[in-house]
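Chemist: Going down the list, the sequences are from chains A and B.
Numbering of the first sequence is given in full-length UniProt numbering, commencing with residue 1 and proceeding in unit increments.
Numbering of the second sequence is given in full-length UniProt numbering, commencing with residue 1 and proceeding in unit increments.
All C-beta atoms in this analysis are idealised placements derived from N, C-alpha and C, irrespective of residue type, glycine included.
All figures in this text were calculated on a predicted structure; none of them were measured in a lab.
2 protein chains.
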Amino acid sequence: MNVMTGRRRGAVRSEAARRAILSATARLFAQAGYDNLAMERIAAEAGVGKQTIYRWWPSKGELVAECLLEGMLLPQRFALTDTGDLRADLVDWIQRLFDILSEPGGEGLLRSLIAAATENADVGRRLRDSLGGTSSIAVRLASAVASSQLRADAPLQEVGEALIGAVLVRALGRVPVAEGDAARLVDAVLGNSLGGG
Amino acid sequence: MNVMTGRRRGAVRSEAARRAILSATARLFAQAGYDNLAMERIAAEAGVGKQTIYRWWPSKGELVAECLLEGMLLPQRFALTDTGDLRADLVDWIQRLFDILSEPGGEGLLRSLIAAATENADVGRRLRDSLGGTSSIAVRLASAVASSQLRADAPLQEVGEALIGAVLVRALGRVPVAEGDAARLVDAVLGNSLGGG
């Protein structure tokens, strides 16, 4: 492998190995959480050497960040859809996030993601943008402004951060989720921003 | 110290030593953050043996939790006041929290607190209740219901979690704070809950 030293990372990375490593990381993260994620175990699952992982990702934080950025971390759970009905889409999304909190190990999994974000800026930005999904809350809110469901001067950044933040606070505060909480949260945060559309 | 073994913790703890340890923890936390908080350094600052700390607090997470619970962690910064004007009190509070984020090391300090909360449920609950202050957001919002500044059926839990969560998301997302962000956040989250008082 010494011959590779000095070449650009992107040029020598085998795409198949990269995907195998990211898949193994996403799988092990979902099973065991961030704290229990071991580079050795990921390497074994992916069928590569541990040094191969370290050459491309200096820390597990960066590895998890890349999984998030590729939309590989719980993709169905985190997805924010656009059916044209903003309130319904947000309630459905927050409810799926709250459902994760209610499952055995789910709260710990979200806390693991938050722990990764405290160490890695890319993970933090990703949480802020989409809580891990591939679609950004800012894009969804902008689409609602375009269809006049939100006022043109609605504070989109603050609305997005309040919604995502409330989910993180639930995970950190170990607060049980009750029926109707998702709708109450969405209505509280959207209330002042609704348009006439 | 062996003679102390077996007695109840509360009975043998010297209150002066306890205060000295908590003060040293709060001071070092403010200086260096959670990750750099070392039991050895705290013991030296407090003038006690490291084993004395470990006997009372098994981990630094529990030590930080007790500082938070005692209101010793940045007390002036985190304090939520009640002047009778809910909107003004909340904007002032969020602005002080955002100011922490704008200072050198301040964002890292809040992220340290969030990291502690991912490991320790007491810290997490404290963040959820007050973001570290001694006065709880739930109590402040309930007082606003009593004075009719908030509707009687306002979703107090969701409003509180959205406000505190938005601050945490800013810290995790490394998002610069702009002028007026605190007021925009408070107005967005309170909008639907305002009463006629």
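(1) When the cut-off is 9 Å and only beta carbons count, does A/A30 lie next to chain B?
(2) Once you ignore the five residues that flank A/E70 on each side, which residues in its own chain have a CB closer than 7 Å to its CB?
(3) Put B/L190 into one of helix, strand or coil per three-state DSSP.
(4) With DSSP collapsed to three states, give me the class of A/L37.
(5) Quick one: list the residues of chain A neighbouring B/I94, beta-carbon separation under 7 Å, in chain order.
(6) State the start and end residues of the unbroken alpha helix (DSSP H) segment that holds A/E179.
(7) Taking A/L109 and A/I100 to be in contact with their CB atoms under 8 Å, please state how far apart those CB atoms are, rounded to whole angstroms.
(8) Out of B/L68, B/G47, B/K60 and B/A38, state which residue places its alpha-carbon closest to the alpha-carbon of B/G133.
(9) Using a Cβ-Cβ cut-off of less than 7 Å, list which residues of the region 123 to 149 of chain B approach chain A; keep chain order.
(10) Are there 16 or more other CB atoms within 10 angstroms of the CB of B/Q149, so buried, or fewer, so exposed?
(11) Among B/G61, B/Q76 and B/G106, which has the Cα closest to the Cα of B/Q31?
(12) Give a yes or no on whether the minimum CB-CB distance between B/G106 and chain A is below 9 Å.
(13) Under 7 Å Cβ-Cβ, which residues of chain A neighbour B/A166?
(14) Excluding the 5 residues flanking B/W57 on each side, which residues of the same chain have their C-beta closer than 6 Å to its C-beta?
(15) Nearest-angstrom Cα distance between A/A195 and A/L172?
(16) Taking C-alpha atoms, which residue in A/S102, A/V145, A/L185 and A/A121 lies nearest to B/E158?
(17) Hey, would you say A/V112 sits closer than 9 Å to A/G33, going by beta carbons?
(18) For B/R111, return the contacting residues in chain A, with the cut-off set at a CB-CB distance below 9 Å.
(19) With DSSP as the reference, label A/L150 as helix, strand or coil.
(20) Do you know whose CA, among B/A142, B/L97 and B/L28, lies nearest B/V169's CA?
(21) Using 9 Å as the limit for Cβ to Cβ distance, is B/R8 near chain A?
(22) What are the complete alpha helix (DSSP H) segments, minimum 4 residues, inside the region 46 to 91 of chain B?
(23) Can you find the residues in the same chain that come closer than 7 Å, C-beta to C-beta, to B/A24, ignoring five residues on each side of it along the sequence?
(24) State the Cα-Cα distance for the pair A/A152 and A/V145, rounded to the nearest angstrom.
(25) List the residues of chain B whose Cβ lies closer than 8 Å to the Cβ of A/G191, in chain order.
(26) From the beta carbon of B/V91, is the nearest beta carbon of chain A less than 9 Å away?
(27) May I have the straight-line CA-CA distance separating B/E40 from A/T118, to the nearest angstrom?
(28) So, is the C-beta of B/G173 closer than 9 Å to a C-beta in chain A?
(29) Relative to the C-alpha of B/L74, which residue among B/Q51, B/S143, B/T52 and B/L28 is closest?
Modeler: Quick answer:
(1) Looking up residue 30 of chain A in the first sequence gives position 30. Judged by the 9 Å Cβ criterion, A/A30 is not in contact with chain B.
(2) Counted from its first residue, the first sequence places residue 70 of chain A at position 70. Hits under 7 Å: L22.
(3) Locating residue 190 of chain B in the second sequence gives position 190, where the first residue counts as 1. Helix at B/L190.
(4) The residue labelled residue 37 of chain A in the question sits at position 37 within the first sequence. Three-state DSSP puts A/L37 in coil, outside helix and strand.
(5) On the second sequence, residue 94 of chain B is found 94 positions in, with the first residue counted as 1. Those within 7 Å of B/I94 in chain A number zero; the least Cβ separation is about 10 Å.
(6) What you label residue 179 of chain A is simply residue 179 of the first sequence in a count that begins at 1. Counting along the chain, A/E179 falls outside any alpha helix (DSSP H), and DSSP gives it neither H nor E.
(7) Along the first sequence, read from residue 1 onward, the residue named residue 109 of chain A stands at position 109. Along the first sequence, read from residue 1 onward, the residue named residue 100 of chain A stands at position 100. About 7 Å separates the two Cβ atoms, so the contact holds.
(8) Taking the second sequence and counting its residues from 1, one reaches residue 133 of chain B at position 133. Checking every option, the nearest Cα to that of B/G133 belongs to B/L68.
(9) G124, R125, L127 and R128
(10) Translated into the one-based positions of the second sequence, residue 149 of chain B becomes position 149. It counts as buried.
(11) Your numbering for residue 31 of chain B matches position 31 in the second sequence. Nearest of B/G61, B/Q76 and B/G106 to B/Q31, Cα basis: B/G106.
(12) Working through the second sequence from its first residue, we reach residue 106 of chain B at position 106. No, B/G106 lies away from the interface with chain A (no Cβ there is under 9 Å from its Cβ).
(13) Indexing the second sequence from 1 puts residue 166 of chain B at position 166. Under the 7 Å cutoff, chain A gives E158, E161, A162 and G165.
(14) Here the question's residue 57 of chain B lines up with position 57 in the second sequence. Taken in chain order, the residues that qualify are L63.
(15) Reading the first sequence from its first residue, position 195 is the one you call residue 195 of chain A. Reading the first sequence from its first residue, position 172 is the one you call residue 172 of chain A. One detail in the question is off: residue 195 of chain A reads as Gly in this sequence, not Ala. Going from the Cα of A/G195 to the Cα of A/L172 covers about 33 Å.
(16) Mapped onto the second sequence, residue 158 of chain B falls at position 158. That would be A/L185, whose Cα lies nearest to the Cα of B/E158.
(17) Walking along the first sequence from the start, residue 112 of chain A turns up at place 112. Walking along the first sequence from the start, residue 33 of chain A turns up at place 33. According to the sequence shown, residue 112 of chain A is Ser rather than Val. Yes, these two residues count as a Cβ contact at 9 Å.
(18) Counting from one through the second sequence, the residue named residue 111 of chain B turns up at place 111. Simply A117, T118, E119 and G124.
(19) Residue mapping note: residue 150 of chain A aligns to position 150 of the first sequence, counting from 1. A/L150 falls in the strand class under three-state DSSP.
(20) Within the second sequence, numbered from 1, the residue matching residue 169 of chain B stands at position 169. The option with the nearest alpha carbon to B/V169 is B/L97.
(21) As a working note, residue 8 of chain B is residue 8 in the second sequence. Reliability fails at B/R8, whose pLDDT of 45 lies under 50, so the model's placement of it is uncertain and the value that follows must be treated cautiously. Not closer than 9 Å to any Cβ of chain A, the Cβ of B/R8 fails to qualify, so no.
(22) 50 to 56, 60 to 69 and 75 to 78
(23) Walking along the second sequence from the start, residue 24 of chain B turns up at place 24. Hits under 7 Å: I42, E45 and A46.
(24) In the first sequence, the residue the question calls residue 152 of chain A occupies position 152. In the first sequence, the residue the question calls residue 145 of chain A occupies position 145. Going by the C-alpha atoms only, they are around 6 Å apart.
(25) Residue numbering aside, residue 191 of chain A sits at position 191 when the first sequence is read from its first letter. Neighbours of A/G191 on chain B, chain order: G191, N192 and S193.
(26) As a first step, residue 91 of chain B is located in the second sequence; it is residue number 91 there, counting from the start. Cβ-Cβ to chain A under 9 Å: no for B/V91.
(27) As a working note, residue 40 of chain B is residue 40 in the second sequence. As a working note, residue 118 of chain A is residue 118 in the first sequence. When rounded, the distance between both Cα atoms is 24 Å.
(28) Taking the second sequence and counting its residues from 1, one reaches residue 173 of chain B at position 173. B/G173 counts as touching chain A.
(29) Here residue 74 of chain B refers to the residue found at position 74 when the second sequence is read from its first residue. Nearest option by C-alpha distance: B/L28.
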